[in-house]
Structures are given as structure tokens and as C-alpha cells.
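J.: Quick note: the sequence shown uses the working numbering, first residue 3, plus one each step.
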Amino acid sequence: MRNRKEIKPVQQPVEKEWDLTIDPDMVRLLASKARVLSAAVNDDYEDGKEHEVEFTEEAGDGHHHDGLAEEEEDDLTEAEFRELVGDLNVDEAAELVAIAWIGRGDYDADEWNEALADARQRVNNRLPGYLLGMPMLGDWLEDGLQAIGVTSA
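This is how it looks when you write it as C-alpha cells:
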């Protein structure tokens, strides 16, 4: 894999010379789940306030478990994401990674074959964790689909 390129304008879609093995709707579903997981992490804190606890006047002895329910929901989304990625075959998983890399700007859309070859080396049982470690995975998957010429259904 090459070093990250400089930030550049959104890539113009290329004319596809290949067919995707992975269903674009699956990529969009994974992008959606990734956004939910990213929002759960990013929206919890304001900048610089992550270690502060504030109590309001209304904060009495009433203890509710809504936070636990929300946390469990996030855990379910992560578990679903991991299961969906784990169920992909090698070709689908490699295409998913290549799409993310193109969306992130590591490769141009016309470098699809190179991105796909490099992505095949990344496919293993730790792939869900690797993908979840990408902070903007949802956006990168959508951008990658657009760059390779896959339009919305």
C-alpha cells in the first residue's frame, strides 16, 4: 500500500471495467452501521470535556438504566457489523477494503486492481476490528462506491 496522498477534490467516477462481487447494498449497510458506531463514540463528549462530569439540579437519587440500554444497542450494532463482515467471502471482503481505501484516498479509482490486490493481503479474521478502527469508515465506503462508479440504488 502506498503512502496517503495529499487531500484532493472528490474523485470523478471512472468507467467500470469490472463487476463487484460484493453487493453495493451490503456496502451501504455496513457504512450505515459504521456511522452509528462512530457517532456513538464521537457524540458522547464535547471537545476537551471527556473527563468532566456535570450534575444538574434535577439529578436526584433516581437511577435509570437507559444508558445501559443504549450501550447494549451500540454493542448489538458492533456485533452485527462484525458478523456481517465475518460472513463475507474473501473476494467480497477484499473489495470492501479496497472501496474503503479508495474512499479514503489511498488509491485512485483507476487503481482498482492494485487496491484490490493489496486488500486481499489484509483479509483475515481480524478484518472487522481493522475496519472499525477507521474513524470515518462510513463516509469512506460511500465515497469509494461513488469513485468507482457505483451509483445509489
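Every residue, glycine too, gets a C-beta built ideally from N, C-alpha and C. Predicted, not measured: the structure shown is a model, and the values here were computed from it.
1) Check whether the segment 108-116 touches the segment 77-95, taking contact to mean three or more Cβ pairs, one atom from each stretch, closer than 8 Å.
2) Among the candidates L134, A149 and R128, whose CA atom is the shortest distance from the CA of S34?
3) Excluding the 5 residues preceding and the 5 following E144 in the sequence, name in chain order all residues of the same chain whose CB lies nearer than 6 Å to its CB.
4) Under the assumption that A36 contacts G140 (Cβ atoms under 8 Å), give the Cβ distance between them as a whole number of angstroms.
5) Could you tell me the alpha carbon to alpha carbon distance between A71 and L78, rounded to whole angstroms?
6) Locate the alpha helix (DSSP H) running through A149, then write down its first and last residues.
7) Threshold first: 4 residues or longer. Then list the alpha helix (DSSP H) segments lying entirely within the segment 77-133, N to C.
8) Tell me the DSSP secondary structure of D21 in three-state form.
9) If you draw a straight line from the C-alpha of L22 to the C-alpha of V38, how long is it?
10) Drop a sphere of 10 angstroms on the beta-carbon of Q165, count the other beta-carbons inside from all chains shown, and report buried for 16 or more, exposed for fewer.
11) So, is V92 buried or exposed, given that buried needs 16 or more other C-beta atoms within 10 angstroms?
12) I'd like to check one pair, I24 with E80: are the Cβ atoms closer than 8 Å?
13) Measure the alpha-carbon distance for L98 versus Q148 and round it to whole angstroms.
14) Within a Cβ cutoff of 8 Å, which residues of the same chain sit near S40, ignoring the five residues on either side of it in sequence?
15) For M28, name the three-state secondary structure that DSSP assigns.
T.: Taking the structure as given:
1) No, the segment 108-116 does not touch the segment 77-95.
2) Here the question's residue 34 lines up with position 32 in the sequence shown. With distances taken between Cα atoms, S34 lies closest to L134.
3) Residue 144 sits at position 142 when you count from the first residue of the sequence shown. The residues are A33.
4) Counting from 1 along the sequence shown, the entry for residue 36 is found at position 34. Counting from 1 along the sequence shown, the entry for residue 140 is found at position 138. About 4 Å separates the two Cβ atoms, so the contact holds.
5) Residue mapping note: residue 71 aligns to position 69 of the sequence shown, counting from 1. Residue mapping note: residue 78 aligns to position 76 of the sequence shown, counting from 1. Residue placement at A71 is flagged as unreliable, the pLDDT there being 47, under the threshold of 50; the coordinate-derived value follows with that caveat. So the alpha carbons of these two residues sit roughly 10 Å apart.
6) Along the sequence shown, one-based indexing puts residue 149 at 147. L139 to A149 is the extent of the alpha helix (DSSP H) around A149.
7) Qualifying alpha helix (DSSP H) stretches, in chain order: 92-106 and 114-122.
8) Within the sequence shown, residue 21 is the residue found at index 19, counting from 1. Three-state DSSP puts D21 in coil, outside helix and strand.
9) Along the sequence shown, one-based indexing puts residue 22 at 20. Along the sequence shown, one-based indexing puts residue 38 at 36. For L22 and V38, the distance between alpha carbons rounds to 25 Å.
10) Residue 165 lies beyond the stretch modelled for the chain, which goes from 3 to 155, so this question has no answer here.
11) Translated into positions along the sequence shown, residue 92 becomes position 90. It is exposed - the Cβ of V92 has fewer than 16 other Cβ atoms within 10 Å.
12) Numbered from its first residue, the sequence shown carries residue 80 at position 78. Numbered from its first residue, the sequence shown carries residue 24 at position 22. Taking 8 Å as the Cβ cut-off, E80 and I24 do not qualify as a contacting pair.
13) Numbered from 1 along the sequence shown, position 96 holds the residue referred to as residue 98. Numbered from 1 along the sequence shown, position 146 holds the residue referred to as residue 148. Distance between the alpha carbons of L98 and Q148: 13 Å.
14) To locate residue 40, count along the sequence shown from 1; it is residue 38. Same-chain partners within the cutoff: P137, M138, L139 and G140.
15) Residue 28 sits at position 26 when you count from the first residue of the sequence shown. Here M28 sits in helix by DSSP.
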